[in-house]
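Start counting at 1 in the sequence shown, then tack on 4, and there's your number in the working numbering. Using N, Cα and C, we set each Cβ at its ideal position, and we do this for glycine too.
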Amino acid sequence: MWELCAPDGEDFVPDVATGIAAKLSITAHAATRLATHGWLLARWPGFQRLFHTLTIPVKQMVAVLELTEAVDDEYQSAIESEIIALLTPEHPGQQLPSVRSLSYWVRTIIERIQPNARPLEEGEELRTEHTVEHQAPEISFDNRANSRTTIFIGLPKAEGILVEKSLRAVASAHGCSVAEALVAIIREKLDVQVTLNLYKNTANPTEDIFAEGSWLPKAVGKAWLERVTHLAAPGYAESAGYSPSEAVKAAVAGRDGGCRAPGCTKEPYLCDVDHVHRYDHDNPEAGGPTSTANLHLLCRYHHKLKTAGVLDVELRPDGSECWTSVGDGHQTITTPYGPLGRETFERRHVRRTKALHTRHELTFRDSVEDIIEEALKEKEEETLPF
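Set out below in structure tokens:
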């Protein structure tokens, strides 16, 4: 459909949009998007071949096309090859990245290869030539109804996670709804303490920070790092009893990145830490251990399906999971998408190479800026002979 609707570069947008809208009985806005996607797809021969294999869902392809719109021709080949590698499964039957996860990695690829083409994130605004800022917290009140007030709140992602975790903690402790918890905090001045786990690769200061399901932009992440109170090195961890310790939970969340069930993208703080092999309360030695090798994240819905025997899962040593539908036997592979997910040699090579290149580029850039600054300083200090 996209290729049939693809316009020529010199075609006028209103002409094409109204023509497509009339033929397909859709709005002009929808027709414009359809034509735009067709035109963008024509720029990328590799994406065309991939799309023709019918292995890439439309939503993922739309995300890739819109994110790569500003890429210049000279960088297309390098960026296209890395995105195709990102969309190429490593295991038979492997699930593709979600749109949110895919968008982050595509944005990261573009930023590394052609920084000035990196698409802005949601809530990010280009204020000046050298400064990128993010929208501040917002709140508005709708008092039009006689008996209720509707409150709309918009927060940067990390603050939003912290607020939601706080409200859910109060709701759980007091047996009330999340909305009632908000009122209770304000009315009764309750003291709430929650932990927000941040994940940072200390070997590469240029990498972003992961905050329980979301990658924070560098400027935002730096501010959050200043609030860190405890440090821990990731790795294998276990607890003696049924309930995992906070350190074990943090390690599992950092590896999985969210619910591990196929097609689910629930954030870590909305998931249960589930034993893959059931824990034996009567004889713990005979059941599955409470360790990172036998724990994974599941949202409450998929946790219930697994417990009911509708789904079966195998957690593999590399962190990938093989999910089997007990009903018809079909299988799906999911891979961990958190920052602590185990690396293959190829991924490790790419990460280490990227880190080295980025470090050298930053060093070179700093050196050039120092030279320019010194030259300008010397010029200012020159004394005119008259």
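- Message: Any contact between the stretch 241 to 257 and the stretch 292 to 305? By contact I mean 3 or more CB pairs, one from each, below 8 angstroms.
- Response: yes
- T31: buried (16+ other C-beta within 10 angstroms of its C-beta) or exposed? Your numbering for residue 31 matches position 27 in the sequence shown. By the neighbour-count rule (16 or more Cβ atoms within 10 Å), T31 is not buried but exposed.
- Any idea which residues DSSP pairs G158 with across the strands? By 1-based counting over the sequence shown, the position of residue 158 is 154. Note: G158 sits in a beta bridge opposite E142.
- Item | Bounding residues of the beta strand (DSSP E) (the contiguous stretch that carries Q335) | Position 331 of the sequence shown, counting from 1, holds the residue named residue 335. 335 to 338 is the extent of the beta strand (DSSP E) around Q335.
- Message: Using a Cβ-Cβ distance cut-off of 8 angstroms, determine whether E250 contacts chain E.
- Response: Looking at the structure shown, chain E is missing, and only one protein chain is on hand.
- Query: Tell me which same chain residues have a C-beta within less than 8 angstroms of the C-beta of V330, skipping the five on either side of it?
  - Reply: Within the sequence shown, residue 330 is the residue found at index 326, counting from 1. Closer than 8 angstroms at Cβ, skipping near neighbours: G313, V314, L315, D316.
- Where Y203 falls, given that 16 or more other Cβ within 10 Å makes a residue buried: Here residue 203 refers to the residue found at position 199 of the sequence shown. Buried, because 16 or more other Cβ atoms sit within 10 Å of the Cβ of Y203.
- Cα-Cα, which of V75, R122, T59 is closest to L100? In the sequence shown, the residue the question calls residue 100 occupies position 96. Ranking V75, R122, T59 by Cα distance to L100 puts T59 first.
- Item | Identity of the residues DSSP links to F55 by a beta bridge | Here residue 55 refers to the residue found at position 51 of the sequence shown. Note: F55 sits in no beta bridge, so no partner.
- Message: Let me check one thing: in DSSP terms, what residues is I213 bridge-paired to?
- Response: In the sequence shown, residue 213 corresponds to position 209, counting from 1. In the DSSP output, where bridge partners are listed per residue, I213 has L220.
- Task: Can you tell me which of the three DSSP states S247 falls into?
- Result: Within the sequence shown, numbered from 1, the residue matching residue 247 stands at position 243. Here S247 sits in coil by DSSP.
- Is it true that the CB of R104 sits closer than 8 angstroms to the CB of R122? Indexing the sequence shown from 1 puts residue 122 at position 118. Indexing the sequence shown from 1 puts residue 104 at position 100. One thing to note: R122 has its Cβ no nearer than 8 angstroms to the Cβ of R104.
- Query: When DSSP labels each residue in this structure, what does S329 get in the three-state scheme?
  - Reply: In the sequence shown, the residue the question calls residue 329 occupies position 325. S329: strand per DSSP, three-state reduction.
- Query: Among K161, D146, R37, which has the Cα closest to the Cα of K63?
  - Reply: Taking the sequence shown and counting its residues from 1, one reaches residue 63 at position 59. Minimum Cα distance to K63 is reached at R37.
- Message: Assuming contact is defined by CB atoms lying nearer than 8 angstroms, are K169 and L200 in contact in what I supplied?
- Response: By one-based count along the sequence shown, residue 169 stands at place 165. By one-based count along the sequence shown, residue 200 stands at place 196. In this structure, K169 lies near L200, with their beta-carbon atoms less than 8 angstroms apart.
- Query: Do G333 and G261 come within 8 angstroms of each other at the CB atom, strictly closer than that value?
  - Reply: Walking along the sequence shown from the start, residue 261 turns up at place 257. Walking along the sequence shown from the start, residue 333 turns up at place 329. No, Cβ-Cβ distance for G261 and G333 is not below 8 angstroms.
- Message: Going by DSSP, what residue range makes up the alpha helix (DSSP H) through V68?
- Response: Here residue 68 is taken as the residue at index 64 of the sequence shown, counted from 1. That run of the alpha helix (DSSP H) goes 62 to 71.
- Message: DSSP three-state label for L194, please.
- Response: Locating residue 194 in the sequence shown gives position 190, where the first residue counts as 1. Of the three classes helix, strand and coil, the one that applies to L194 here is coil, per DSSP.
- Going straight from the alpha carbon of A215 to that of A265, what length do you get? For this step, residue 215 is matched to residue 211 along the sequence shown. For this step, residue 265 is matched to residue 261 along the sequence shown. So the two alpha carbons sit approximately 20 angstroms from each other.
- Query: Where DSSP assigns a beta bridge to V317, which residues make up the other side?
  - Reply: Within the sequence shown, the letter at position 313 stands for residue 317. Answer by DSSP bridge pairing, in chain order: W327.
- Message: Give me, in chain order, the residues of the same chain whose beta-carbon lies closer than 6 angstroms to that of A10; leave out the 5 immediate sequence neighbours on both sides.
- Response: Residue numbering aside, residue 10 sits at position 6 when the sequence shown is read from its first letter. Leaving aside the five residues that flank A10 on each side, the residues in its chain whose CB is nearer than 6 angstroms to its CB run, in chain order, G42, W43, A46.
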